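J.: Top line first, the protein sequences correspond to chains A and B.
Per numbering that gives the first Met the number 0, the very first residue in the first sequence carries number 0; after that it's consecutive.
Per numbering that gives the first Met the number 0, the very first residue in the second sequence carries number 0; after that it's consecutive.
2 protein chains.
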Amino acid sequence: MSEINTSVTILDVAREAGVSYSTVSRVLSGYNYVKDSTRERVLEAVERLGYVVNQQARSLAGGKSGVIGLLVPGLDNGYIGEIARGIDEELTKSSYDLLLYTTHRTSTEASYALKMTKGLADGVLLVVPLLTTGYIETLREQNFPYVLIDQVDPNNRSSVVDSLNRQGAYEATQYLLGLGHRRIGFITGLMKLRSAEERLAGHMAALRDAGVSVEEDLIQTGDFWRREGYEAAERLLNLHNPPTAIFASNDLSAFGVMEAVRAYGLQVPHDISVIGFDDIPQASLVYPRLTTVRQPLDEMGRIAARLLIEQIENPDRPIRHVTLPTSLVIRESCQSPQQSWLDLRR
Amino acid sequence: MSEINTSVTILDVAREAGVSYSTVSRVLSGYNYVKDSTRERVLEAVERLGYVVNQQARSLAGGKSGVIGLLVPGLDNGYIGEIARGIDEELTKSSYDLLLYTTHRTSTEASYALKMTKGLADGVLLVVPLLTTGYIETLREQNFPYVLIDQVDPNNRSSVVDSLNRQGAYEATQYLLGLGHRRIGFITGLMKLRSAEERLAGHMAALRDAGVSVEEDLIQTGDFWRREGYEAAERLLNLHNPPTAIFASNDLSAFGVMEAVRAYGLQVPHDISVIGFDDIPQASLVYPRLTTVRQPLDEMGRIAARLLIEQIENPDRPIRHVTLPTSLVIRESCQSPQQSWLDLRR
DNA sequence: AGCAATTTTGCAAGCGTTTGCAATAAAAAC
DNA sequence: GTTTTTATTGCAAACGCTTGCAAAATTGCT
Numbered sequence: 000m001s002e003i004n005t006s007v008t009i010l011d012v013a014r015e016a017g018v019s020y021s022t023v024s025r026v027l028s029g030y031n032y033v034k035d036s037t038r039e040r041v042l043e044a045v046e047r048l049g050y051v052v053n054q055q056a057r058s059l060a061g062g063k064s065g066v067i068g069l070l071v072p073g074l075d076n077g078y079i080g081e082i083a084r085g086i087d088e089e090l091t092k093s094s095y096d097l098l099l100y101t102t103h104r105t106s107t108e109a110s111y112a113l114k115m116t117k118g119l120a121d122g123v124l125l126v127v128p129l130l131t132t133g134y135i136e137t138l139r140e141q142n143f144p145y146v147l148i149d150q151v152d153p154n155n156r157s158s159v160v161d162s163l164n165r166q167g168a169y170e171a172t173q174y175l176l177g178l179g180h181r182r183i184g185f186i187t188g189l190m191k192l193r194s195a196e197e198r199l200a201g202h203m204a205a206l207r208d209a210g211v212s213v214e215e216d217l218i219q220t221g222d223f224w225r226r227e228g229y230e231a232a233e234r235l236l237n238l239h240n241p242p243t244a245i246f247a248s249n250d251l252s253a254f255g256v257m258e259a260v261r262a263y264g265l266q267v268p269h270d271i272s273v274i275g276f277d278d279i280p281q282a283s284l285v286y287p288r289l290t291t292v293r294q295p296l297d298e299m300g301r302i303a304a305r306l307l308i309e310q311i312e313n314p315d316r317p318i319r320h321v322t323l324p325t326s327l328v329i330r331e332s333c334q335s336p337q338q339s340w341l342d343l344r345r
Numbered sequence: 000m001s002e003i004n005t006s007v008t009i010l011d012v013a014r015e016a017g018v019s020y021s022t023v024s025r026v027l028s029g030y031n032y033v034k035d036s037t038r039e040r041v042l043e044a045v046e047r048l049g050y051v052v053n054q055q056a057r058s059l060a061g062g063k064s065g066v067i068g069l070l071v072p073g074l075d076n077g078y079i080g081e082i083a084r085g086i087d088e089e090l091t092k093s094s095y096d097l098l099l100y101t102t103h104r105t106s107t108e109a110s111y112a113l114k115m116t117k118g119l120a121d122g123v124l125l126v127v128p129l130l131t132t133g134y135i136e137t138l139r140e141q142n143f144p145y146v147l148i149d150q151v152d153p154n155n156r157s158s159v160v161d162s163l164n165r166q167g168a169y170e171a172t173q174y175l176l177g178l179g180h181r182r183i184g185f186i187t188g189l190m191k192l193r194s195a196e197e198r199l200a201g202h203m204a205a206l207r208d209a210g211v212s213v214e215e216d217l218i219q220t221g222d223f224w225r226r227e228g229y230e231a232a233e234r235l236l237n238l239h240n241p242p243t244a245i246f247a248s249n250d251l252s253a254f255g256v257m258e259a260v261r262a263y264g265l266q267v268p269h270d271i272s273v274i275g276f277d278d279i280p281q282a283s284l285v286y287p288r289l290t291t292v293r294q295p296l297d298e299m300g301r302i303a304a305r306l307l308i309e310q311i312e313n314p315d316r317p318i319r320h321v322t323l324p325t326s327l328v329i330r331e332s333c334q335s336p337q338q339s340w341l342d343l344r345r
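See below:
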């Protein structure tokens, strides 16, 4: 690193070390059949010249780019951030670089797939809630390594990392029931996503198993965003007979719920208990701190990255489906139902 | 996109269209001297074959990769997320891709610089609080396009996008003074960063201009992280004569402050007012919602990206320094000092 | 010392583009 | 109808590296 060099190539190093350029290449890519003394000489030359490999050329010639693509819907979401953090941590260990794509970029998601398969990345990690199936198909047909995160392949032919959504929701509802709640409002996620479906299913199952009848009004449609969480909560609060607890399908919408509750002059958890799903970092930041179902998002990212790398380095590895457990994180946003504010209101 | 092709190259397209491969290349890179009818024929062939350009090859040959590097300290921080979002939005428009590097990866930051200059990226955006100067120097010496975000070049020879830290802090303190506070605790940021310095300076200036004497105990050292915020707040609360308001150098530490205040059985803002800096998304999520100095983080990212692209496309553009205004966002975490809880305690 | 086996090295042929230069075709000017 | 000028196209040479193949050097055995 002593020189200001615009372009030291492998040839320069070869000359400096007095060997052929292919030998340099072999030293650099960790080939075994190189005499130790030669290797040393080359390494010294590399150091002296401040040589740095040109990735583009390397991947053009070698077919590997050392880059992994990450396709996400956007960055405005603690959820994605956590997953990305896990991925990044894992990639660091393996010295892969991370190429970030956000799908809001264009509507033609499929074009990304192609672009990535064309040399830019060696594999791709998909956190794309609104994944079109065709997209996955393209990837699979081209036999391009990829792993889905928190998203299922309808055909079950992809490697996937997700978590026990259904069970997590089941436990959350069970917890509320255990506190004595009987009228529990539920705000769904974006129902075209499997995770949203499963959370709803878990909730319903818990009610059913507890012999609590399901009231249709108590299930409100949301979309995993805060705003809808707010509005769905309003609808619940406006009910003739409002719930004593609200279970939002993710933390973000739970925040919206808390806001709505507050806007109605009520207190969490005193008047209404609120529970979320995900446990994004903000969950412990809000006040009262949110009780929620923890998905190990960073861990999911880490595992997905690991799976992908394995698949890249060993192409005929069979696909895998890893499902991580969720866990209930009890904080301060839930308590047993008090004398109803509704009663006071009367 | 009709074919399942593992490797349609420009040659295949050329054959299909009945032209030479260089003509195809020219059509694809938007060269002007191509007959319309030819262009059309080529485009059709591209479509028919599902051809996608190979970026690696393109950049090897053409020297441009269409990728911009983003170097950040980590992802665990709403602050970075906002900046990244702005950058991403801007890059989308220009069809650049984003390569993400986190510095926690290795301690040898400088090696990234080199790696990026070697073909992987056309330019780099740096949000690296702990920037070593040598790093910047390397980039500049190689004449590699880069822009610093919220970080100054001690030598003033880099393009920079930052915000009016000093003034923002000045206004925040002024606001607290205006509410009637006289004993204001201040928690610094990581003092080796310019922004931390400037915020402190702004605070002091406001006090001085208002004729309020500065008490050394009221200035506590922090590091921009929540934990230190908590601990610094504890130190302030333990003072013989505690402050009635606390100004934390960023939102994250303000959250720590709020937590500490609560741990002491006190209420924000009733017993103690808290004000932050940054206005990260979480600021409006906490309760009470945090009054803070807004830095237009996404806008900073956007502008930095724009500056960088301009520099890439026009290398001898002079460096620029853009400083964005901050603004006070008044929410609910501050109010006039009440009868002191201290008094009650006596 | 002689020969086979094994380790090291070098050469050359790509990898899929871009681009300068030269050739050809078309249009304009004389 | 020529000669210029301008618009189109093609060829070939990079870009910096990896890797198969073969030659050279070294080592181990007999």
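The beta carbon of each residue, even a glycine, is placed where N, CA and C say it ideally should be.
Everything numeric in this text was worked out from a predicted model, so none of it was measured.
1. Looking only at DSSP bridge pairs, what is PHE276 (chain B) linked to?
2. Tell me the DSSP secondary structure of ALA83 (chain A) in three-state form.
3. Find out if the Cβ-Cβ distance for the pair ALA304 (chain B), ILE135 (chain B) is shorter than 9 Å.
4. What do you reckon, are the CB atoms on GLY133 (chain B) and THR101 (chain B) nearer than 9 Å?
5. As an exercise, report each continuous alpha helix (DSSP H) stretch of at least 4 residues that is fully enclosed by the stretch 153 to 206 of chain B, in chain order.
6. Mapping DSSP to helix, strand and coil, what is THR220 (chain B)?
7. Enumerate in chain order the residues of its own chain whose CB-to-CB distance from ALA282 (chain A) is below 6 Å, with the five nearest sequence positions on each side excluded.
8. Among A:SER28, A:LEU307, A:ARG207 and A:GLU258, which one has its Cα closest to the Cα of GLN173 (chain A)?
9. Determine the DSSP secondary structure at ASP297 (chain A), reduced to helix, strand or coil.
10. Could you name the residues of the same chain whose beta carbon sits closer than 6 Å to that of TYR50 (chain B), not counting the 5 residues immediately before and after it, in chain order?
11. By DSSP's criteria, THR91 (chain B) is part of a beta bridge. Which residues make up the other side?
12. Taking 8 Å as the threshold, find out whether the stretch 15 to 29 of chain B comes into contact with the stretch 313 to 333 of chain A through three or more Cβ pairs.
13. Take every Cβ of the stretch 307 to 319 of chain A, pair it with every Cβ of the stretch 206 to 221 of chain A, and state whether three or more of those distances are shorter than 8 Å.
14. Return the bridge partner residues of LEU97 (chain A) from the DSSP annotation.
15. Counting only beta-carbon atoms, is ARG185 (chain B) nearer than 9 Å to chain A?
16. Quick one: Cα of SER158 (chain B) to Cα of ALA200 (chain A), how far?
17. Closest Cβ-Cβ distance between VAL12 (chain A) and chain B: below 9 Å?
18. Is the CB of LEU307 (chain A) under 9 Å away from at least one CB in chain B?
19. Check for me: the alpha helix (DSSP H) holding ILE329 (chain A) runs from which residue to which?
20. Can you name the residues that DSSP bridges to THR322 (chain A)?
21. Which same chain residues, not among the five before or five after LEU90 (chain B), have their C-beta less than 7 Å away from its C-beta?
22. Counting contacts by CB-CB distance shorter than 9 Å, is PHE254 (chain B) in contact with chain A?
23. Return the CA-CA distance between ALA83 (chain A) and ASP297 (chain A), expressed in angstroms with no decimal places.
24. What do you reckon, are the CB atoms on GLY188 (chain B) and PHE223 (chain B) nearer than 9 Å?
25. Hey, quick one: how far does the beta strand (DSSP E) through TYR145 (chain B) stretch, first residue to last?
26. Straight-line CA distance for GLN166 (chain B) to GLY255 (chain A)?
27. Would you mind stating whether ALA253 (chain B) and GLY275 (chain B) have Cβ atoms separated by less than 9 Å?
28. List the residues of chain B whose Cβ lies closer than 7 Å to the Cβ of VAL285 (chain A), in chain order.
29. Given ALA231 (chain A), which residues of its chain have a CB within under 6 Å of its CB, disregarding the five upstream and five downstream residues?
30. Chain B partners of SER64 (chain A), CB-CB under 7 Å?
31. For GLU46 (chain A), count the other beta carbons within 10 Å of its own beta carbon; 16 or more makes it buried, fewer makes it exposed. Which is it?
32. For chain B, check one thing: does any of its Cβ atoms lie closer than 9 Å to the Cβ of GLY29 (chain A)?
33. Looking only at its own chain, which residues have a Cβ that is under 8 Å from the Cβ of GLU81 (chain A), when we skip the five neighbours before and after it?
34. Show which residues of chain A have a CB atom less than 8 Å away from the CB atom of THR101 (chain B).
35. Can you find the residues in the same chain that come closer than 7 Å, C-beta to C-beta, to SER64 (chain B), ignoring five residues on each side of it along the sequence?
36. What does a CB cutoff of less than 7 Å around SER335 (chain A) pick up in its chain, not counting 5 residues either side in sequence?
T.: So, from the listed chains and residues:
1. As a working note, residue 276 (chain B) is residue 277 in the second sequence. Bridge partners of PHE276 (chain B): B:VAL292.
2. Counting from 1 along the first sequence, the entry for residue 83 (chain A) is found at position 84. If DSSP states are grouped into helix, strand and coil, ALA83 (chain A) belongs with the helices.
3. Counting from 1 along the second sequence, the entry for residue 304 (chain B) is found at position 305. Counting from 1 along the second sequence, the entry for residue 135 (chain B) is found at position 136. At the C-beta level, ALA304 (chain B) and ILE135 (chain B) stay beyond 9 Å of one another.
4. Locating residue 133 (chain B) in the second sequence gives position 134, where the first residue counts as 1. Locating residue 101 (chain B) in the second sequence gives position 102, where the first residue counts as 1. Going by C-beta atoms, GLY133 (chain B) is not nearer than 9 Å to THR101 (chain B).
5. 164 to 178
6. For the purposes of this step, residue 220 (chain B) is taken as the residue at position 221 of the second sequence. In this structure, THR220 (chain B) counts as coil in the three-state DSSP scheme.
7. Taking the first residue of the first sequence as 1, we reach residue 282 (chain A) at position 283. Only ASP250, LEU289 and THR291 meet the Cβ criterion.
8. Reading the first sequence from its first residue, position 174 is the one you call residue 173 (chain A). Out of A:SER28, A:LEU307, A:ARG207 and A:GLU258, A:ARG207 has the C-alpha closest to the C-alpha of GLN173 (chain A).
9. Against the first sequence, residue 297 (chain A) aligns to sequence position 298. The answer is helix: DSSP assigns ASP297 (chain A) an H, G or I state.
10. The sequence position of residue 50 (chain B) within the second sequence is 51, counting from 1. Around TYR50 (chain B): VAL7 and VAL12.
11. Looking up residue 91 (chain B) in the second sequence gives position 92. None, per the DSSP bridge assignment.
12. no
13. no
14. Translated into the one-based positions of the first sequence, residue 97 (chain A) becomes position 98. Per DSSP, A:ILE67 and B:LEU99.
15. As a first step, residue 185 (chain B) is located in the second sequence; it is residue number 186 there, counting from the start. A small fix is needed here, since residue 185 (chain B) is Phe in this sequence, not Arg. No, because no Cβ of chain A sits closer than 9 Å to the Cβ of PHE185 (chain B).
16. Reading the second sequence from its first residue, position 159 is the one you call residue 158 (chain B). Reading the first sequence from its first residue, position 201 is the one you call residue 200 (chain A). Rounded to the nearest angstrom, the two C-alpha atoms are 54 Å apart.
17. Translated into the one-based positions of the first sequence, residue 12 (chain A) becomes position 13. It does not: the Cβ of VAL12 (chain A) has no partner Cβ on chain B nearer than 9 Å.
18. The count along the first sequence starts at 1 and reaches residue 307 (chain A) at position 308. False, the Cβ-Cβ gap to chain B never drops below 9 Å.
19. Counting from one through the first sequence, the residue named residue 329 (chain A) turns up at place 330. Note, ILE329 (chain A): premise wrong, no alpha helix (DSSP H); not H, not E.
20. Mapped onto the first sequence, residue 322 (chain A) falls at position 323. A:ASP161, per the DSSP bridge assignment.
21. Here residue 90 (chain B) refers to the residue found at position 91 of the second sequence. The residues are ILE67, LEU97 and ALA304.
22. For the purposes of this step, residue 254 (chain B) is taken as residue 255 along the second sequence, with counting starting at 1. Yes, PHE254 (chain B) counts as interfacial toward chain A.
23. As a working note, residue 83 (chain A) is residue 84 in the first sequence. As a working note, residue 297 (chain A) is residue 298 in the first sequence. Rounded to whole angstroms, ALA83 (chain A) to ASP297 (chain A) spans 7 Å at the Cα level.
24. Residue 188 (chain B) sits at position 189 when you count from the first residue of the second sequence. Residue 223 (chain B) sits at position 224 when you count from the first residue of the second sequence. Going by C-beta atoms, GLY188 (chain B) is nearer than 9 Å to PHE223 (chain B).
25. Translated into the one-based positions of the second sequence, residue 145 (chain B) becomes position 146. Unbroken beta strand (DSSP E) run through TYR145 (chain B): 145 to 148.
26. For the purposes of this step, residue 166 (chain B) is identified with residue 167 of the second sequence, where counting begins at 1. For the purposes of this step, residue 255 (chain A) is identified with residue 256 of the first sequence, where counting begins at 1. Roughly 33 Å separates the two Cα atoms.
27. As a working mapping, residue 253 (chain B) is identified with position 254 in the second sequence. As a working mapping, residue 275 (chain B) is identified with position 276 in the second sequence. In this structure, GLY275 (chain B) lies closer than 9 Å to ALA253 (chain B) by Cβ.
28. Sequence index remark: in the first sequence, residue 285 (chain A) carries index 286 (1-based). Result: LEU284, VAL285 and TYR286.
29. Taking the first sequence and counting its residues from 1, one reaches residue 231 (chain A) at position 232. Correct list, in chain order: ILE186, GLN219 and GLY221.
30. Start at 1 with the first residue of the first sequence, and residue 64 (chain A) comes out as number 65. Residues of chain B passing the Cβ test: GLN55.
31. Counting from one through the first sequence, the residue named residue 46 (chain A) turns up at place 47. Answer is exposed; the Cβ neighbour count stays below 16.
32. Numbered from its first residue, the first sequence carries residue 29 (chain A) at position 30. Not one chain B Cβ lies under 9 Å of GLY29 (chain A).
33. Residue mapping note: residue 81 (chain A) aligns to position 82 of the first sequence, counting from 1. The answer, listed in chain order, is ILE279, PRO280, LEU296, ASP297 and GLY300.
34. Position 102 of the second sequence holds residue 101 (chain B). In chain order: ASP87 and THR91.
35. Locating residue 64 (chain B) in the second sequence gives position 65, counting from the first residue. Cβ neighbours of SER64 (chain B) beyond the five flanking positions: GLN54, SER58, GLY118, LEU119, ALA120 and ASP121.
36. Within the first sequence, the letter at position 336 stands for residue 335 (chain A). The residues are LEU178 and GLY179.
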